[in-house]
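First up is the structure itself, then whatever we jot down about it.
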Amino acid sequence: MVKRIVDILRNGQPEESVTVQGWVRTKRESKEFAFLEVNDGSSMANLQIVLNQDLPNYAEVIKQLNTGASVEIAGVLVPSLGKGQRIELKAQTVKVYGEADPESYPLQKKRHSFEFLRTIGHLRSRTNSFGAVFRIRNACSYAIHQFFQERGFLWIHTPIISASDCEGAGEMFTVTSLNLRNVPRTEAQEVDYSQDFFGRPAYLTVSGQLEAEVMAMAFSNVYTFGPTFRAENSNTSRHLAEFWMVEPEMAFCDLEGDMDLAEAFLKHIFKYVMETCHEDMEFFNQRIDNSVLATAENIINNQFERLTYTDAIALLEKTDQTFEYPVKWGLDLQSEHERYLAEEVFKKPVILTDYPTEIKAFYMRLNDDEKTVRAMDILAPKIGEIIGGSQREERLEVLQRRIEAQGLNPADYWWYLDLRRYGTVPHAGFGLGFERLVQFMTGMGNIRDVIPFPRAPLTVDF
Ligand code: ATP
Ligand code: MG
Ligand code: MG
Ligand code: MG
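If you want it as structure tokens, here you go:
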């Protein structure tokens, strides 16, 4: 029976017959034996395979079994005499599916830089680092669904093609309709790509929030988890043009409820990953950033700091720290400020609330002072903003006024305003940048290295 290597390493018993399938990581030959390390992606650890010269096709397969080759090996588990592993597999049959020429296969046994690995994005998942990143990404996804499903939230699917710029930041990709079915290939190259979406403007979604509000007004508690797109024409280590967002939306909820949920949510994900991916987390702690494990424990065990934007500005104005960007009430915080607060001042995640109305989106609930809105950002050490959320404006007249004040057309938001016209309730939600979470958790420095197929200016696409 084909078994996953992680299961063999955990539970395999001597004399058990097993078959494994995977890719060769290394080969060592001695006079009578050869040792292979095989990995199938199920864990960081490889399974050691012993090949004895009396295998019927030994001479032939040993030449083919180079780093990168794909194999299926059947045999019997035996206790390992070597250090580092409890058990190994004594091969009885070896089948090589595909060879990998050692002259040209780029992933030879040595450490490669992440810059180099980005140029071979189609192969980098076969390395220890990316294996660990993508297993952790998977565990986070699972923990996200688990958290919301256990609390009775409905997973809803908001559209990718959208008519509005939810954030008002103007960072949208437009959608064009192009039907090339009856256009010969040669002429297709001269097609006008500037057409719109069947006569109307449309964009790739920057956030599913407005649609999530629609659903929350019927199901009370909902969440989306899907790709979002922003035309971020800059090269930062924290922005992608295509990234995944988790966006819960809760009816009958205020900003305090929103912050409580966000904090419990982050704690849950870290706890789940520490329990199920400990080996991978250890790896990041050793190789990438030696505060990874301590950070995870910190998140799980300590309450996040909560303070207002106004207090944060006062604090930043007082410090001796020099910043590249100015600090002034009314200006948005830059990641250097956000990181300073979380990393240096509080040494844990910080929830900032009540941002200036002017720098936040129209849908956030206006405070009585009218100068600030019920917004909250969660700032993480090393990353800065990881979550952005708010209580939403539930009052029809105020919302109409806010839409107009931002130069938007209320007619475009007729359905959104209807939600306030009929059965409106206080409601709140937030958006977590999924890649920023994985970055924060693993200590990976560049956001392009926590998504399998990064989309950003100047990335190598395939
Ligand atoms: P930033 O200030 O870092 O540009 P934002 O305030 O524009 O973020 P929001 O509109 O609040 O972002 O989106 C919610 C969350 O989505 C952010 O807190 C962040 O974690 C994530 N996010 C936003 N833009 C990107 C991006 N371009 N790539 C990856 N994640 C992003
Ligand atoms: Mg932004
Ligand atoms: Mg921001
Ligand atoms: Mg934000």
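58 is the number that full-length UniProt numbering gives to position 58 of the sequence shown; each next residue is one higher, with no gaps. By construction, the Cβ of each residue, glycine as well, lies at the ideal position given by its N, Cα and C atoms.
Asked	Found
Within the stretch 294-365, ranges of the beta strand (DSSP E) (whole runs, at least 3 residues)	305-308 and 350-356
Length at least 3, wholly inside the stretch 232-298: the beta strand (DSSP E) runs in chain order	242-251
Inter-residue Cα distance where the pair is residue 225 and residue 288	28 Å
Nonlocal neighbours in the same chain, by C-beta distance under 6 Å from residue 94, ignoring five residues either side	61 and 73
Where the alpha helix (DSSP H) through residue 131 begins and ends	128-150
Simplified DSSP state of residue 223, which is helix, strand or coil	strand
Reference residue 247; option with closest CA among 340, 388 and 114	388
Contact the stretch 212-224 vs the stretch 433-452: 3+ CB pairs below 8 Å	no
Outcome for residue 325 when other beta-carbon atoms lying within 10 angstroms are tallied against a minimum of 16	exposed
Coarse secondary structure for residue 58, derived from DSSP in three states	helix
CB contact flag (residue 206, residue 172, <8 Å)	yes
Three-state class that DSSP yields for residue 108 in the structure shown	coil
Collapsed DSSP secondary structure at residue 380 in the structure displayed	strand
Bounding residues of the beta strand (DSSP E) (the contiguous stretch that carries residue 21)	17-29
Residue 292 and residue 127 closer than 8 Å at C-beta	no
Between the CA atoms of residue 431 and residue 262 - distance to the nearest angstrom	9 Å
Contact between the stretch 329-346 and the stretch 364-381 (3+ Cβ pairs under 8 Å)	yes
C-beta atoms of residue 420 and residue 395 nearer than 8 Å	yes
Proximity test, residue 169 beta-carbon vs ligand 2 heavy atom, cut-off 7 Å	yes
Residues passing the C-beta test against ligand 4 heavy atoms, cut-off 7 Å	377, 385 and 388
Residue of 411, 36 and 23 minimising C-alpha distance to residue 97	23
Host beta strand (DSSP E) of residue 87 (start-end)	87-98
Distance, residue 348 Cα to residue 404 Cα	38 Å
Residue 361 and residue 167 closer than 8 Å at C-beta	yes
Alpha-carbon spacing of residue 301 relative to residue 275, whole angstroms	14 Å
Near ligand 1: residue 359 beta-carbon under 7 Å from a heavy atom	no
Nearest-angstrom Cα separation, counted from residue 150 out to residue 54	55 Å
Chain-order list of residues whose beta-carbon lies under 8 Å from that of residue 339 (same chain, five-residue window excluded)	379, 381, 382, 383 and 384
For residue 39: DSSP bridge partner residues	23
Proximity test, Cβ basis, 8 Å: residue 308 and chain D	The displayed structure is made up of one protein chain only, and chain D is not part of it.
Contact belief for residue 447 with residue 240 at Cβ below 8 Å, rounded distance in angstroms	6 Å
Any non-hydrogen atom of ligand 1 within 7 Å of residue 447 CB	yes
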